[in-house]
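Student: Residue 18 in UniProt numbering sits at position 18 of the sequence shown, with consecutive numbering throughout. All residues carry an ideal CB built from backbone N, CA and C; glycine is no exception. All values reported here derive from a predicted model rather than from experimental measurement. To start, I am sharing the structure in question, which I have written as structure tokens.
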Amino acid sequence: MFVIHANITIKPDRVEEFLVEAEGLVSASQAEAGNIRYTLMRDLHQPNLFTMVEEWKDEQAVQEHNASAHFQKFVKDMQEFAGAPLDAKLFNATEVPRG
Numbered sequence: 001m002f003v004i005h006a007n008i009t010i011k012p013d014r015v016e017e018f019l020v021e022a023e024g025l026v027s028a029s030q031a032e033a034g035n036i037r038y039t040l041m042r043d044l045h046q047p048n049l050f051t052m053v054e055e056w057k058d059e060q061a062v063q064e065h066n067a068s069a070h071f072q073k074f075v076k077d078m079q080e081f082a083g084a085p086l087d088a089k090l091f092n093a094t095e096v097p098r099g
């Protein structure tokens with residue numbers, strides 16, 4: 001399983017517009033065949049800071065997502081909203097059985 005944590009800083013005056021765009025991205029991404037989870041989280045202390053947490057079944061699913069029209073549109077639109085460069089980390093996660 002591949003996990004992505006994407007930390008996003010939004011210009012304070014563009015947060016509401018960002019949320020509309022992000023809602024569309026999350027919804028479309030959750031519908032992708034290789035998606036396990038796609039969640040947008042907002043920082044409790046800095047309301048213009050967000051983290052997208054994505055879980056994908058494999059690397060191919062990540063590549064297909066990155067090539068999708070809805071993701072490409074979001075990347076393009078982010079140029080208007082971003083207050084800082086995107087900070088994204090990709091992890092190869094191993095499930096550990098509960099014991």
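Nearest-angstrom Cα distance between K73 and E64?
Tutor: When rounded, the distance between both Cα atoms is 14 Å.
Student: Taking DSSP as the reference, what is the three-state secondary structure of R98?
Tutor: coil
Student: Can you check which of these residues, V96, N92, A88, is closest to H5 by C-alpha distance?
Tutor: A88
Student: What would DSSP say about M52, mapped onto helix, strand or coil?
Tutor: strand
Student: Does A6 come out as helix, strand or coil in the three-state DSSP assignment?
Tutor: strand
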